[in-house]
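A.B. asks: Sending over a structure as structure tokens; questions will come in a sec.
In mature numbering (1 follows the signal peptide of the UniProt record, and there is no 0), the protein residues as written are -27 to -1, 1 to 236.
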């Protein structure tokens, strides 16, 4: 009886063939579509490009990346990206964009020549943004998740999310945030998670939360300078399931103020 080695088992052979196919397909697609910088990688079996590290100093893309669904440029040293003057490759089918830890000061519509109509996730955490980058967000009208944690945003201006009505998650933790204008969340009616923790919010006006009163599930206000509960419209009952208030300066919690969160 012939001896069977582990790599000859049917399941193992299928896995090896599948893995080899993925690498070949990835190499073929990249070879046909573009020339990647040395510091950028194509993920096997996923329509993904990831550029990671301080050695990434430019994007030497030549053609449209129409096959890319996920694009990440993390912890790079690209001056044009930091100043918001670089144009990302044309990625019309992009669904997930991550540009975290790049020292970015500003992002405008000039960053892209494409309307990201399929983009649902945008991660811009740990940069140096001083305002919510609404001009760029307008390019992604179906955006569902925005992470702006760890920036330098001190004010959320009115109507900054007006073009992103499908937002489910807004993360703004650790920004030094002080002011949220009255109509900051205008049009955001599907929000489920709002993280405003570890900022410098001391006032009680946190914008027009009634916009998402029926959808909100998780709110974090931990680590701010709050001494009393936010002022909320008493005519609305919030569907919030989790409310985080630790590490504030409450002398006492007003039961009337908490009534909006009874659900």
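For glycine and all other residues, C-beta sits at the position ideal for the given N, C-alpha and C.
Remember, predicted model here, so these are calculated numbers, not experimental data.
So residue 73 is in the alpha helix (DSSP H); what residue range does that whole segment cover?
C.D. replies: Counting along the chain, residue 73 falls outside any alpha helix (DSSP H), and DSSP gives it neither H nor E.
A.B. asks: In its own chain, which residues sit with a C-beta less than 6 Å from the C-beta of residue 154, not counting the 5 before and 5 after it?
C.D. replies: Contacts found: 130 and 131.
A.B. asks: Is the separation between the beta-carbon of residue 204 and that of residue 178 shorter than 8 Å?
C.D. replies: Contact flag set, yes.
A.B. asks: State the DSSP-derived secondary structure class of residue 185, mapped to helix, strand or coil.
C.D. replies: If DSSP states are grouped into helix, strand and coil, residue 185 belongs with the helices.
A.B. asks: In whole angstroms, what separates the C-alpha of residue 171 from that of residue 197?
C.D. replies: Whole-angstrom Cα-Cα distance: 5 Å.
A.B. asks: For residue 126, which residues from the same chain have a beta carbon less than 8 Å from its beta carbon, with the 5 sequence-adjacent residues on both sides left out?
C.D. replies: So the list reads 102, 103, 104, 105, 145, 148, 149 and 150, once near-sequence residues are dropped.
A.B. asks: Quick test of your reading: residue 135 and residue 159, contact by CB under 8 Å. State the CB separation rounded to the nearest angstrom.
C.D. replies: The Cβ separation is near 6 Å, so the contact holds.
A.B. asks: For residue 123, count neighbouring Cβ atoms within 10 angstroms of its own Cβ and tell me buried if that reaches 16, exposed if not.
C.D. replies: Flag for residue 123 reads buried.
A.B. asks: Please report the straight-line C-alpha distance between residue 226 and residue 201, rounded to a whole angstrom.
C.D. replies: Taking the straight line joining both Cα atoms gives about 7 Å.
A.B. asks: Is the CB-CB distance between residue 42 and residue 21 below 8 Å?
C.D. replies: Cβ atoms of residue 42 and residue 21: closer than 8 Å.
A.B. asks: Could you tell me how far apart the beta carbons of residue 237 and residue 97 are, in whole angstroms, since I believe they sit closer than 8 Å?
C.D. replies: Residue 237 lies beyond the residue range present for the chain, which begins at -27 and ends at 236; the question has no answer from this structure.
A.B. asks: Quick test of your reading: residue 75 and residue 51, contact by CB under 8 Å. State the CB separation rounded to the nearest angstrom.
C.D. replies: Rounded, the Cβ-Cβ distance is 7 Å, consistent with contact.
A.B. asks: If we call anything under 8 Å between Cβ atoms a contact, is residue 223 one with residue 194?
C.D. replies: Contact flag unset, no.
A.B. asks: Quick check: what's the CA-CA separation for residue 211 versus residue 167?
C.D. replies: Those two C-alpha atoms are separated by around 13 Å.
A.B. asks: Around the C-beta of residue 62, are 16 or more other C-beta atoms found within 10 angstroms, so that it is buried, or is it exposed?
C.D. replies: When all chains shown are included, residue 62 counts as buried.
A.B. asks: On a CA-only basis, which of 18, 90, 157 and 143 is nearest residue 128? Give me that one, please.
C.D. replies: The candidate whose alpha carbon is nearest that of residue 128 is 157.
A.B. asks: Who are the Cβ neighbours of residue 65 in its own chain at under 7 Å, not counting the five residues just before and after it?
C.D. replies: Excluding sequence neighbours, residue 65 sits near 39 and 87.
A.B. asks: What do you reckon, are the CB atoms on residue 116 and residue 139 nearer than 8 Å?
C.D. replies: Yes, the Cβ-Cβ distance between residue 116 and residue 139 is below 8 Å.
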